[in-house]
Structures are given as structure tokens and as C-alpha cells.
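Undergrad: Residue numbers for the sequence shown follow UniProt numbering, so the first one is 1 and each next one is one higher.
C-beta atoms are modelled at their ideal positions from N, C-alpha and C, and glycine is treated no differently.
Just so we're clear, the structure is a prediction, and the values are computed from it rather than from any experiment.
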Amino acid sequence: MSKVLKTADGSSTLFSPYFKEPYHSVTAGAFTEALEKFCKPAKVREKARRGKVSLFDSCFGLGYNTFTFVSEVTSENPSAEVEVVGYEFDIKVIESSLSLNWGKLERWKEVLRELLRNKACQFGFLTLNYFRPKLRIKVFIGEGREVLKRISPVYEGFADAVFHDPFSPKVNPELWTYDFFLLLRRVIKDEGILATYSASTPVRKALHMAGFGVVEGVAVGRKSKSTVASPSFKTEERLLRKFELPESVPYRDPTLNQPHWLIKARRQGCIRLLKTPYRPIPVYHL
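(1) From the DSSP secondary-structure annotation, give me the bridge partner or partners of residue 159.
(2) In whole angstroms, what is the alpha-carbon distance linking residue 178 and residue 252?
(3) Do residue 164 and residue 196 have their CB atoms nearer than 7 Å?
(4) Apply the 10 Å Cβ neighbour rule to residue 154 and answer buried if 16 or more other Cβ atoms are within range, or exposed otherwise.
(5) Report the three-state DSSP secondary structure of residue 281 (helix, strand or coil).
(6) List the DSSP bridge partners of residue 138.
(7) Please list the terminal residues of the continuous alpha helix (DSSP H) segment that includes residue 71.
(8) So residue 214 packs on residue 201, CB below 8 Å; how close in whole Å?
(9) Under the rule that 16 or more other beta-carbon atoms within 10 Å means buried, what is residue 285, buried or exposed?
(10) Here's the rule I'm using: 16 or more other beta-carbon atoms within 10 Å means buried, otherwise exposed. How should residue 121 be labelled?
(11) Do you know whose CA, among 144, 149, 148, 112, lies nearest residue 293's CA?
(12) Anyone know if the C-beta pair for residue 243 and residue 210 falls short of 7 Å?
(13) Classify residue 31 as helix, strand or coil using the three-state DSSP reduction.
(14) Among all the DSSP beta bridges, which residues are the ones paired with residue 177?
Printed below as a string of C-alpha cells:
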């Protein structure tokens, strides 16, 4: 099992030995982050009042984001219909969550246990399923790009909210590319809201290029602000000015299957080219 870390709000998270990063912000607190950086910016309670709300959880992880979402919706409107679709690469991470203290969310652990018991195969992926009249959850077990390539046509226009919570672009650039955000744009509703903890300018530019309007979110646990995006938003002018800088070049993965080192190297090469002074090639007349 991965190392257990205590976060600022008293909740626990795990440290990934592969990515060398924790699954949640230690300084913000795992549950605080789920609420402040994801649920509130996505206006989950406001959407719950309509009676039906859907989430696409991009990197299910320990399940904190999903179950904070479910808790917020049902607290605001106990009669609301809730549907969650997500993906996670490693089922062992989900299983490990059961051994952690969920605090106020402890009552939702039984849902997670049933989710893990009810396995099926869909679109070529192992899936975890929970079905009740008012609550439906489906988690695909697989690499994010492969999952989205296969399911995005089926879930087109599905999500009122998208929580995008992979490891950082530095270590997991595969899930922060312009090309990946095009797939997320496909699954979100036109008025839906995507929330992510990242404050990276290349990430924000990639979202903007993929059809999202981008604004700054909140600063919780660190100085930089998170990112909130929606097809219905207009990108902030201050961010648009930053997008003109060479360093704003987004990550690219045109085939959606390229290794992280190539994705990073391509971006660095583009930045170097943009920073290289233009020197006209002399023309010699014979």
C-alpha cells in the first residue's frame, strides 16, 4: 500500500510511488480541496436544485471528489437524481481508500464497497457500477486517454460538471494536452463547468484552444489560483495576454497515445523555436 499522508484539514491521502506526488493537496486538505476547488467552482449545489445533475470524474482516485459531489448534491436536494461517470487507472487505489478515515463522508463508504463488488466489462474496460433510482455511478478502469477515446461518443454532452484531477502536468502531461481537453469538451454540456486545481498557463491555453472559456478559480492551500472553465464562459483578458508568451505553448498529443517524455520534449522544442530570434536567410543572385 502507498504511504498514507495526513493533510491540513485532518483528512488522509496517499502518496504515489510512481508519480512521486500525493493524490491530494497536503497543504489545502483532501476534503477541503474537493469542496473548494471542485464542487463550489462547478456550482454543484446550484445545479442540484434543478433536480438532476451529472459529473464526469476525470481521475477517480480515492473517490473523495465524487463523494463530496454526491454529498453536496444530496444535502442541497435530497430528491435529486445523481449520475457520475469516471475513470481510474489503478483499481488498487480505489480499494486502498476503504482503509482511510473519510470523516464526514464515512457513510458513503458502503456505496464504494458495492461499487467495487459490482464489476462488469464495457467498451473493453473493467467497470465498477452502483445503480439506485436516485444515484448511479460508473467507473471505468483504464488509462484516461484510452477510456475517453472510446466512451466520449456515447457520453457526448453528458456532464454538468467535470472534475479534472490527474497528477501534475510535470509528471503526467498525457492528461493535460490540448488533444485530451478536446475529448473532455465533447462530454461536457455547453453550460457545464470544468474545475481543476492547476494554475498552469499552458493548461489554461490548451483549455481555451479546445473550446472552453477560462477564468481563475480560488487559491486554497497555496498562492496560485485554481482554474475554472466552461464552453459558456469568456476567457479572461489577463489570461489571453499570457497566452501570447512562448512559455504558454500547450502540451500536444495528436495521436492520444504518445509517451510522456515525447509530449514534454515536443513542447520544449516549440518554446525554443519561438524564442529563437528570426534571422532572414541571405539570398545570393548569380
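TA: The answer reads as follows:
(1) 188
(2) Approximately 6 Å, taken between the alpha carbons.
(3) yes
(4) Counting the other Cβ atoms within 10 Å of the Cβ of residue 154 gives fewer than 16, which makes it exposed.
(5) Residue 281 falls in the coil class under three-state DSSP.
(6) 85, 129
(7) 64–76
(8) 10 Å between Cβ atoms; not a contact.
(9) exposed
(10) exposed
(11) Because the chain in this structure spans residues 1 to 286, residue 293 falls outside the shown range and cannot be described.
(12) no
(13) helix
(14) For residue 177, which the question treats as bridged, DSSP gives no partner whatsoever.
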